[in-house]
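Working notes, structure below.
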Amino acid sequence: MSALSRLDPEVAGIIEHERTRQVESLEMIASENYASAAVLEATGSVFTNKYAEGYPGKRYYAGNQFSDELENLAIDRAKRLFGVDHANVQPTSGAEANMAVYQAFVNPGDTIMGMELSQGGHLTHGSPVNFSGRLYHFVPYTVDRESETIDMAVVRRLANESRPKIIVAGATAYPRAIDFAAFGEIARESGALLMVDMSHIAGLVAGGVHMSPAPYADVVTTTTHKTLRGPRGALALSKLEHADALDRGVFPGTQGGPHLHSIAAKAVAFAEALRPEFTVYAKQIVANASALAEELVSGGVRLVSGGSDNHLLLVDCNSVDISGLKAQNALQGAGIITNRNTIPYDQRSAYITSGLRMGTPALTSRGMKEDEMRRVGKWIVRVLKDPDGEGVREAVNAEVAEFARAYPVPGITDAIAV
Ligand SMILES: *Cc1c(COP(=O)(O)O)cnc(C)c1O
C-alpha cells in the first residue's frame, strides 16, 4: 500500500474506505467472500506483467518458462480438488467460462436448456439481454409452484420435447441442493451434453457438503471467487474426451492472453481448498445458513422453499409486506449487506423484486458460527419488520459495527496484525 499511497493518494484513499467498509459491515451477499492474504498477494504479483497466449508448452510468446510452471501447477491442483480429468484455469470470469463452453460445443441458433432466470438461473443461461439469449435458442425450466424446488419431471419433459444440445444445471439464487445425477440421466436420455455451472457452490463441492457434478457432467464451469474463496476468475473442467474442444473454446475461441496473476492466485486458493480445514469451513457455511434460516423463520419471515440446504437463503419479502428493494436498502442502513432478488413467480419487476438473497460464506470466513448467525438473524428480523424506523436502523447499525469489528477479516485485519 505504501507505494500506492505515495504515488496515488486518491485511489489509495478509496481502497482504504472500502477496506473499512468490509471490516465494519456484515457481508451477506451470497456470491461474495474474503480471499486470504496469500490469494491477494498472488493477485497483486508480477505475473500481472506477462503475456502468455496459448497453453503450457504451446505459447505464442517467449519468456514463459515460469508461466508454464505456474499454469501446470494450477491445473494439477484443480484436477485433484474436483477429481476430474481435465481443467482449464484460464477463464477470466464465470460469464466468459460459460461463453467458452457454448462456443466449444454448439452453434448459434442451437437449443440449450437452462434454469429460468427469474427463478434462480444466471444471465449467461439465456437472458435476452445477454449474448447467450441472443446467440442461442434457450428453453427455460422452472421450479414447482408448491415446493419451489426444481421439478425434475418438467426438466425431463422439456428435454425430450426440445432435444437441446446442452442442458445447463446450476443457479445463482437457489437455496436447495441440485441433483446432478438426475440431470446427468436426463441429459443422456435426450442426447444432450450436461454442463454444470457450479459457480455458487464450488466451495461446498470442494468441501464435500454438496453432491459433486464431476461424475455426471460433461463440462463443469465455476467462478473461483465465491464459496471457493479464491481470486476473481473462473475455471472450466471436463472429461478427457472434451478437453481439446473446451480448451479451444477458451483460447482462441473467446479469450486472448490468460490473466496469469489470477491463475497464480487460483493455484493458491486450490491449495487452500485441498486442506482438511476447508472441509470444516464448508460444513460451517451450511450449518450457519441453516441456523440463520431457523432464526428468520421463527421471527415470522418466509423463506423460498422453506429453508436452505446450501450457503444461501432467499427471503420472501411479501411475508413482511415490503419489496426486495426496500428490504435491501433498510438492511444496508443497518450495516447488513445483501441483494434483492426475484423469487419464483414474482409479481414485482426484476428491479424492485419481492425477494432478498443472503448467504453465509463471507461471515463464516470471519469465524462466525451458529450463535452469531442467530444474533444476525434477530437484527435482520428487527429491521425487516420496521424498515422505515430510522431509530431501529441506527441502533442496529451501531451494534453491527461493534460486533463486526470483533471478527478478524481474512486478508484484511489478519494481514494488518502481522
Ligand atoms: C456468478 C455466476 C456467474 C458469473 O460469474 P462472473 O464472474 O460474475 O462473470 C455465472 N454463473 C453462475 C451460476 C454464477 O453464480
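Residues in the sequence shown are numbered from 127 upward in steps of one, following this note's numbering. Virtual Cβ for every residue (Gly too), placed ideally from N, Cα, C. Note that the structure is predicted; figures quoted are calculated from it, not measured.
Close CB contacts of A200 within its chain, under the 7 angstroms cut and outside five residues either way in sequence, are with V215, I389, K392, A393 and F396 (chain order). Boundaries of the alpha helix (DSSP H) harbouring I201: Q191 to F208, taken from the DSSP string. When beta bridges are read from the DSSP output, G481 appears opposite D442 and N467.
P487 and Q410 have their C-alpha atoms roughly 9 angstroms apart. The beta-carbon distance between S316 and G209, rounded to whole angstroms, is 26 angstroms. This is too long to meet the 8 angstroms contact definition. Within the model, the alpha-carbon separation for N256 versus D514 is close to 36 angstroms. By the Cβ-count criterion, L366 is exposed, with fewer than 16 other Cβ atoms from all chains shown falling within 10 Å of its own Cβ. R358 carries a coil assignment under DSSP once its states are collapsed to helix, strand and coil. The closest heavy atom of ligand 1 lies 7 angstroms or more from the beta carbon of H387. Following the DSSP letters along the chain, one finds V294 inside the beta strand (DSSP E) bounded by residues I292 to A295.
Note on the segment 358–444: whole beta strand (DSSP E) runs with a minimum of 3 residues are 360–364 and 438–442, in chain order. DSSP lists G180 as the bridge partner or partners of R185. The shortest C-alpha to C-alpha distance from Y181 to any of D497, S449 and D370 is the one to D370. By alpha-carbon distance to L418, the top candidate from K452, W505 and V446 is W505. For H437, the shortest C-beta to heavy atom distance toward ligand 1 is 7 angstroms or greater.
Taking each of A340, V441, P266 and V446 in turn and checking the Cα distance to H212, the smallest one comes out for A340. Per DSSP, the unbroken beta strand (DSSP E) holding G240 starts and ends at T237 to M241. Contact between D472 and S244 holds: CB atoms are separated by about 6 angstroms, below the 8 angstroms threshold.
At the C-beta level, S162 and R355 come within 8 angstroms of one another. Taking C-beta separations shorter than 6 angstroms and ignoring five residues to either side along the sequence, the partners of A138 in its chain run L130 and S131, following chain order. Burial is judged here by how many other beta carbons sit within 10 angstroms of a residue's own beta carbon; D323 has at least 16 and is buried. For D305, the secondary structure class from DSSP, reduced to helix, strand or coil, is coil.
In the three-state scheme derived from DSSP, where H, G and I count as helix and E and B as strand, D497 is classed as helix. In this structure the segment 443–453 lies against the segment 467–481, because at least three pairs of beta carbons, one per stretch, are closer than 8 angstroms. Within its own chain, the residues whose Cβ lies closer than 8 angstroms to the Cβ of V149, once the five positions on either side in sequence are excluded, are A530, R531, V535, I538 and T539, listed in chain order. According to the DSSP assignment, M278 belongs to the alpha helix (DSSP H) that extends over M278 to S288. Secondary structure note for H351: it is in no alpha helix (DSSP H), with a DSSP letter that is neither H nor E.
Contact holds between the segment 370–388 and the segment 169–179, because three or more Cβ pairs, one in each stretch, are under 8 angstroms apart. At the C-beta level, M499 and E421 come within 8 angstroms of one another. With fewer than 16 other Cβ atoms inside 10 Å of its own Cβ, K184 counts as exposed. The C-beta of E398 has 16 or more other C-beta atoms within 10 Å across all chains shown, which makes the residue buried. Within the DSSP secondary-structure output, V331 pairs in no beta bridge.
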